[in-house]
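Notes for the one structure printed next.
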């Protein structure tokens, strides 16, 4: 076996039958937003300053962290190379069925830490998790490695822990310190572990061209072991109120691999080459994330999508074959998280690919949409029709929303919605299915089709239309981090989108996406500018654009 790597938070890893690695744990200063650089044009300074402003009683965007780092051998003198996009994550550990991973951990940090894996077999003396399990002391040494100490962990990818026949070839797991897991992870000690089917990971992946690991989490620096050290970097540390809600909020770093506001470096992909995306979420009740990949779609457990849902301690493996070249946004679509900077970029290069042509040969489907201001009543009957009482009954649950005393608005609001018209003159509006409510009209297309959407803005602010799940050139994206197609009041624009990838063979005949205004995504969608988009398999839609072969069935899309 040849040495290949090691860790910084005091650990050294050996992968029997595959490679030998060394790892160690260290403490260092970490920049969530290097050089205070705001790459994204649509992030407002007031949002960024909440988390990144350096002030007498605010830490800013630079924190002391503990991190796992990999070394080339057990001398812990030379760090192994690593992709910049890993951020503060530890190195990616890989093993396949019947492999044994041997991890040599050396603790260069200033307090006790450990290393605990998910998704793999271990004996009690290699669990690396401190809790009252009534085991003898000889089985507790692995649970807490003191500063300057070291320990050898052995983990096995037994067949019963391996990916099943229906799983991806390699599954996503994590490892992390588990002396006090919430504090250890918030301090930075976490990394990815991939367990693979036999023959898929020897000397690197042979079934995909690239692995990319991404962690979405609101890093709570208030729960870091280094909070006091970080407070000392303030110009007036003695005046810091640790219980101040604004101070606590400033330490909630909405990060992707530890970077915010588009600063995650170096995710470089090639058009037409297979990429395995490994995503996981960590944290607490605020860590509900919708990871949205602009520009390209993925297969998640056989389902075509461009959004992956993450919760704390959930692990997702999805496969992408990028079709659209360019610089694309990867962001959490939860409104608060989007504003707070949980956004990054990935770049797709042509890499001499012959997939540059987007000639489709399908049907061109024309739609004519307008953004229009309306007065919307959330309950036009004036009654709670579930309980058959007035919405403003003093004892009702609805009164708080529909009452108008004390300066409250009640249930009627000014909104902006998408309305469909019959042609480009925008004189005759099409009928709108009542059940759609505020939603815009349903746009439908099959794989191979082109959607040509003529949009006129009849409202008083800049708006756009941005689709999920479709191929488009940058100027047809409707997103403002790249100069593009937001539409001013009274102006019009024609978007051209293509359905390059339809539902997978195991998907239903049509799969739901959405479209929305993305000039200021949070404000625009709350204003009302959002609508459904159905992408169907070839031959599903009839001449009228409806699901002809399913005319007797009600199709539910959510």
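Residue numbers (mature numbering (1 follows the signal peptide of the UniProt record, and there is no 0)): -22 to -1, 1 to 536.
Glycine included, C-beta positions come from ideal geometry on N, C-alpha and C.
Thinking residue i and residue j are a contact (beta carbons under 8 Å), I'd like their distance in whole angstroms, please.
i	j	result
residue 354	residue 416	6 Å
residue 574	residue 203	The requested residue 574 is not part of the displayed model; the chain covers only -22 to 536.
residue 292	residue 258	7 Å
residue 328	residue 34	That belief does not hold up - the Cβ atoms of residue 328 and residue 34 are roughly 50 Å apart, past 8 Å.
residue 426	residue 339	6 Å
residue 308	residue 269	7 Å
residue 92	residue 106	4 Å
residue 477	residue 345	Contact flag wrong, Cβ pair sits at about 14 Å.
residue 310	residue 272	Incorrect: roughly 12 Å between the Cβ atoms, too far for contact.
residue 445	residue 475	5 Å
residue 250	residue 190	The Cβ separation is near 16 Å, so there is no contact.
residue 350	residue 437	7 Å
residue 429	residue 421	6 Å
Tell me which residues share the same chain as residue i and place their Cβ nearer than 7 Å to its Cβ, disregarding the 5 neighbours each side in the sequence.
i	result
residue 65	235, 236, 237, 242
residue 205	199
residue 518	424, 487, 488, 525, 527
residue 465	433, 435, 440, 441, 442, 471
residue 99	133, 134, 136, 139
residue 277	296, 297, 482
residue 165	43, 44, 202, 203, 204
residue 379	389
residue 366	none
residue 38	30, 31, 32
Can you list, in chain order, the residues of its chain with a C-beta nearer than 8 Å to that of residue i? Leave out the 5 residues immediately preceding and following it.
i	result
residue 368	360, 361, 362, 374
residue 537	Here the chain covers residues -22 to 536 and nothing more, so residue 537 does not appear.
residue 159	94, 107
residue 410	397, 398, 419
So the alpha helix (DSSP H) residue i belongs to, where does it begin and stop?
i	result
residue 91	That residue, residue 91, is in no alpha helix (DSSP H); it is neither H nor E in DSSP.
residue 161	159 to 165
residue 429	Element bounds for residue 429: not the alpha helix (DSSP H) but the beta strand (DSSP E), 428 to 435.
residue 558	One cannot answer for residue 558 here, as it falls past the ends of the chain, which runs -22 to 536.
residue 209	205 to 209
residue 327	Segment 321 to 327 is the beta strand (DSSP E) holding residue 327; no alpha helix (DSSP H) there.
residue 36	Neither: residue 36 is in no alpha helix (DSSP H) and is coded neither H nor E.
residue 317	313 to 317
Just curious, the beta strand (DSSP E) that residue i is in, first and last residue?
i	result
residue 342	342 to 355
residue 256	253 to 259
residue 421	421 to 424
residue 172	168 to 174
residue 154	148 to 154
residue 198	188 to 198
residue 247	246 to 248
residue 133	128 to 134
residue 451	Run containing residue 451: none; DSSP gives neither H nor E here.
Counting only the same chain and skipping the five closest in sequence on each side, list residues whose C-beta sits under 6 Å from that of residue i.
i	result
residue 36	228
residue 108	121, 122, 157
residue 460	At residue 460, the pLDDT of 49 sits below 50, so the modelled position is not reliable; the number obtained from the coordinates is stated separately. Only 452 meet the Cβ criterion.
residue 261	195, 196, 290
residue 479	275
residue 186	252, 254
residue 506	393, 394, 395, 416
residue 176	74, 75
residue 495	441, 442, 502, 507
residue 450	475
residue 343	423, 427, 429
residue 467	435, 438
**Asked** Unbroken beta strand (DSSP E) runs of length 3 or more, entirely within the stretch 218 to 242: which are they?
**Response** Those beta strand (DSSP E) runs which fall completely within the stretch 218 to 242 and span 3+ residues are 230 to 234.
**Prompt:** What are the uninterrupted segments assigned as alpha helix (DSSP H) that are 4 or more residues long and contained completely in the stretch 468 to 530, given in chain order?
**Reply:** List check, alpha helix (DSSP H) in window: 499 to 505.
**Prompt:** Is it true that the stretch 287 to 306 meets the stretch 220 to 236, where meeting means three or more beta-carbon pairs spaced less than 8 Å apart?
**Reply:** With the cut-off at 8 Å, the stretch 287 to 306 and the stretch 220 to 236 do not touch.
**Request:** Would you check if the stretch 476 to 489 and the stretch 275 to 292 touch, i.e. whether three or more CB-CB distances between them fall below 8 Å?
**Result:** Between the stretch 275 to 292 and the stretch 476 to 489 there are three or more C-beta pairs closer than 8 Å, enough to call the two in contact.
**Asked** Where in the stretch 262 to 308 do unbroken runs of the alpha helix (DSSP H), each at least 4 residues long, occur, reported from the N-terminal end onward?
**Response** Correct list: empty.
**Request:** Please go through the stretch 51 to 106 and give each complete beta strand (DSSP E) segment of 3 or more residues, from N-terminal end onward.
**Result:** For the stretch 51 to 106, whole beta strand (DSSP E) runs of length 3 or above, ordered along the chain, are 71 to 74, 78 to 85.
**Message:** For the stretch 385 to 394 against the stretch 498 to 508, do three or more pairs of beta-carbon atoms, one drawn from each stretch, fall closer than 8 Å, so that the two count as touching?
**Reply:** The answer is yes - the stretch 498 to 508 touches the stretch 385 to 394, with three or more Cβ pairs under 8 Å.
**Prompt:** Quick check: the stretch 377 to 393 against the stretch 469 to 476, are there 3 or more CB pairs under 8 Å?
**Reply:** No: the two stretches stay apart, fewer than three of their Cβ pairs being nearer than 8 Å.
**Request:** Could you say if the stretch 74 to 91 and the stretch 135 to 147 meet the contact criterion of at least three C-beta pairs nearer than 8 Å?
**Result:** Because the criterion of three Cβ pairs below 8 Å is met, the stretch 74 to 91 and the stretch 135 to 147 touch.
**Asked** Within the chosen definition, does the stretch 242 to 259 reach the stretch 109 to 119 through at least 3 CB pairs nearer than 8 Å?
**Response** The stretch 242 to 259, when compared against the stretch 109 to 119, does not touch it at the 8 Å Cβ threshold.
**Sequence ranges, beta strand (DSSP E) only - wholly within the stretch 361 to 401, length at least 3** = Runs of the beta strand (DSSP E) inside the stretch 361 to 401: 390 to 399.
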